[in-house]
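Chemist:
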Amino acid sequence: MSGRLHDDEVDVPPALVRRLLAAQHPQWADRPLTVAGEWGTDHAMYRLGDDLVVRLPRIGWAVKAVAAEQRWLPVLGP
Numbered sequence: 002m003s004g005r006l007h008d009d010e011v012d013v014p015p016a017l018v019r020r021l022l023a024a025q026h027p028q029w030a031d032r033p034l035t036v037a038g039e040w041g042t043d044h045a046m047y048r049l050g051d052d053l054v055v056r057l058p059r060i061g062w063a064v065k066a067v068a069a070e071q072r073w074l075p076v077l078g079p
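With our numbering as the guide, the letters of the sequence shown map in order to residues 2 to 79.
#1: Which of the three DSSP states, helix, strand or coil, is assigned to R32?
#2: When you compare only the Cα positions, how much space is there between D8 and V55?
#3: Does DSSP put A45 in a helix, a strand or coil?
#4: Who pairs with P58 in a beta bridge, going by DSSP?
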């Protein structure tokens, strides 16, 4: 897991990811959770089992990037 890069960065520990999964996606809450290598500057990433990734914004301005990705995925996806 990377150290803090921004003064106003949100801490995203594994316990928070587990709580979010339990509340929002209980069907995946018991899957193995591991840090997905080094994080980027704007998102925290965890592997969820062998086939999924949890990616959460670490900084407020990264939320806009997620919204843009969500708009483009249906256009670019299979």
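Yeah, the Cβ is synthetic: ideal placement off N, Cα and C, and Gly gets one too.
Modeler: Looking at the atomic coordinates:
#1: coil
#2: 23 Å
#3: strand
#4: H44
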